[in-house]
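Quick note: the sequence shown uses the working numbering, first residue 4, plus one each step.
Built from N, CA and C at the ideal position, the CB exists for glycine as well.
Remarks on the structure that follows.
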Amino acid sequence: MKDALEMNMGGIKCDNPNCDFNDMNVNAEDYKEWLNKPCPKCGENLLTEEDYRNTKFLLEMVKVANRIYPKRKDDEEIVTMSVAMNGDGEMDFNIEK
Ligand SMILES: [Zn+2]
4 MKDALEMNMG GIKCDNPNCD FNDMNVNAED YKEWLNKPCP KCGENLLTEE DYRNTKFLLE
64 MVKVANRIYP KRKDDEEIVT MSVAMNGDGE MDFNIEK
């Protein structure tokens, strides 16, 4: 049996459209270390206060949801959702099939 919701969150990327810096090995639990850190390539803020708050909120939401929802069976269909953040505090949710 698996948790109803699984969070595959991690990695950090630069929000500057002209910059391609990213580090996908960063764990979401370590985002605190990246708060307001400048991009090593362009100097842009890599993780704004707003994005960090959103990230913590999402992690917390998944924890709470997994306490409420029953475990799912291994063969149950899953829906994948992705969240994009771009530094302005907004979150774009996309359901992937
Ligand atoms: Zn950058």
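Worksheet entry | Exposure of residue 83, with buried meaning 16 or more beta-carbon neighbours within 10 Å | Start at 1 with the first residue of the sequence shown, and residue 83 comes out as number 80. Counting C-beta atoms within 10 angstroms of its own C-beta, residue 83 has fewer than 16 neighbours from the protein chains shown and is therefore classed as exposed.
Worksheet item: Are at least three pairs of beta-carbons, each pair with one atom in the region 13-20 and one in the region 61-73, less than 8 Å apart?
Response: No, the region 13-20 is not in contact with the region 61-73.
Item to complete: Provide the residue(s) that pair with residue 98 in DSSP beta bridges, ordered along the chain.
Response: If you number the sequence shown from 1, residue 98 lands on position 95. Here residue 98 is bridged, per DSSP, to 84.
Discussion item. Using 8 Å for Cβ pairs, my map puts residue 5 next to residue 91. What's the rounded Cβ distance?
Written reply: Counting from one through the sequence shown, the residue named residue 5 turns up at place 2. Counting from one through the sequence shown, the residue named residue 91 turns up at place 88. So it is not a contact: roughly 34 Å between Cβ atoms.
Worksheet entry | Straight-line gap, residue 151 to residue 21 (C-alpha atoms, nearest Å) | The shown model of the chain, from 4 to 100, leaves out residue 151, and the question about it has no answer.
Practice prompt. Enumerate in chain order the residues of its own chain whose CB-to-CB distance from residue 75 is below 6 Å, with the five nearest sequence positions on each side excluded.
Written response: Residue numbering aside, residue 75 sits at position 72 when the sequence shown is read from its first letter. Leaving aside the five residues that flank residue 75 on each side, the residues in its chain whose CB is nearer than 6 Å to its CB run, in chain order, 5 and 7.
Discussion item. Going by the DSSP bridge assignment, what does residue 56 pair with across the sheet?
Written reply: For this step, residue 56 is matched to residue 53 along the sequence shown. For residue 56, which the question treats as bridged, DSSP gives no partner whatsoever.
Discussion item. Assuming contact is defined by CB atoms lying nearer than 8 Å, are residue 50 and residue 12 in contact in what I supplied?
Written reply: Position 47 of the sequence shown, counting from 1, holds the residue named residue 50. Position 9 of the sequence shown, counting from 1, holds the residue named residue 12. The answer is no: Cβ separation not under 8 Å.
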